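Notes follow the structure.
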Amino acid sequence: MKIDAYSNGTPKDVTIDQLPVFLKENNSKAIIFADKKTDVLSLEKELQLKIPPKILQGTHNSLINLDSLIILTMQVLHFAESPNTTSIKLILGSNFLIIYNQAENKLFDKIITDLTKNNSIEKNSLPYFIDALLEEIFSYYLVLLSKWSDELIISESYLLEEKIKEIDSYKLAKLRKNIIKLKKNIENQTNYLNEIANIEHQFISEELKDLFKNTADKAKDIESGLSKMSDLIMNVYNLYLTLLSMKQNKVMQVLTVVATIFMPLAFITSFFGMNFPMPFMLHQYSWIICTAAMTALTVITVILFRRKQWL
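Numbering (the working numbering), first residue to last: 7 to 317.
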């Protein structure tokens, strides 16, 4: 557990035992980073917080408005080699903010590190820090959206050039699954952001409400972009299946034409291959006549198929 404490804008070294007394001072505030559930339980005991156990254990997106606390639970999705979901719990009090990371997430850890380095925490309010945190998470989603969009454009260009072998259908299906998962997650978070923007609470000023509204609008834009991308993936996938079907039809067409060409030849050879004597089989030019007839028949069939554009 890590505690970033500030008094009158000056950083202070405070332990968990000293925290209750420190927070009673004027112009004091603290951001506490909890890594384990036991850390949160210790803070709950020291600060005399009354958090229902179900709320503390919950991992789904939710917003709980208590008299003395605002508890926001949100899922942060990190798409590296495989999707990684972690649940973040933000517990906001009058002059403290508890950030409980319920599972290790490299993306969230990096965002927190960057925020604590680059943001003037000692100058800004704690709800402002929450808004900045959400902005960073949604900025990552925007970068992800741009990356996925580029992948789709490349796949679409391959299809337009009929380079079907370059398309990975499993990758397209996986991408659509990730998009649906992220879209559903952002939909819930947008609803809770709008709730915070319209909430009547002593911790949330009108200025902060405007910030949360802007962040909610940004989330809404990402959600809209994901919807369009989901439709685009379906169009690309349908185009892929259409081209694949056309390619298979061409193969079947060629095989059918070849079979049709050889069908009369097979009949002629089987007819003359019968095991009983025929009067014209002993003619000296019978082999030449038969070969010439089969060649002429093949040429005529090919010419006819070309005129019909079957070849």
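From the three backbone atoms N, C-alpha and C, an ideal C-beta is built for every residue, glycine too. Every value quoted in this text rests on a predicted model; they were computed, and no experiment measured them.
Select from the options the residue whose C-alpha is nearest the C-alpha of residue i.
i    : options                   : result
L132 : A265, D10, E201 and P283  : D10
F114 : L53, G99, N101 and K95    : K95
F102 : V27, G279, I160 and I61   : V27
S233 : I70, L78 and R182         : R182
W154 : I239, S251 and T307       : I239
F144 : I57, K189, K8 and I105    : K189
Q63  : N107, K226, N191 and L29  : N107
L151 : I105, I210, S236 and S211 : S236
D156 : K169, L178 and W293       : L178
T221 : E206, I202, L261 and F209 : I202
T91  : N67, D73 and I76          : N67
M300 : I309, S93 and I274        : I274
I210 : E50, L98 and P17          : L98
I61  : E52, Q54 and N71          : N71
P59  : L47, E206 and W293        : L47
L214 : S100, L303, F135 and D23  : F135
I185 : F85, I104 and D137        : F85
Using a Cβ-Cβ cut-off of 7 angstroms (strictly less than) and excluding sequence neighbours within five positions of residue i, which residues of its own chain qualify?
i    : result
E193 : E229
Near residue i, what residues of its chain come up, given a Cβ to Cβ distance below 8 angstroms and the 5 sequence neighbours on each side ignored?
i    : result
E142 : I117, D120 and L121
Can you tell me whether residue i is buried or exposed, with buried defined as 16 or more other CB within 10 angstroms of its CB?
i    : result
Y176 : exposed
Q195 : buried
L139 : buried
L166 : exposed
T79  : buried
S161 : buried
K43  : exposed
A36  : buried
L148 : exposed
I294 : exposed
How is the alpha helix (DSSP H) around residue i delimited, first residue to last?
i    : result
K153 : L132 to L166
D45  : K43 to E52
S175 : S175 to N204
F209 : Counting along the chain, F209 falls outside any alpha helix (DSSP H), and DSSP gives it neither H nor E.
S100 : Counting along the chain, S100 falls outside any alpha helix (DSSP H), and DSSP gives it neither H nor E.
P58  : Counting along the chain, P58 falls outside any alpha helix (DSSP H), and DSSP gives it neither H nor E.
S22  : Residue identity check: residue 22 is Ile in the sequence provided, not Ser. Element bounds for I22: n/a, residue is neither H nor E.
L310 : S292 to R313
Just curious, the beta strand (DSSP E) that residue i is in, first and last residue?
i   : result
M80 : I76 to F85
S34 : S34 to A40
I9  : K8 to S13
P17 : T16 to K18
Leaving out five residues before and five after residue i in sequence, what residues of the same chain have Cβ atoms less than 6 angstroms from its Cβ?
i    : result
K224 : F144
M7   : A40 and D45
Y198 : L69
Under 7 angstroms: does the beta carbon of residue i sit that close to some heavy atom of the ligand NAD?
i   : result
S74 : Summarising the ligand content, the structure contains no ligands, and the ligand NAD is consequently not present.
Legend entry - Start-end ranges of the beta strand (DSSP E) lying completely within the stretch 220-247, minimum 3 residues: none
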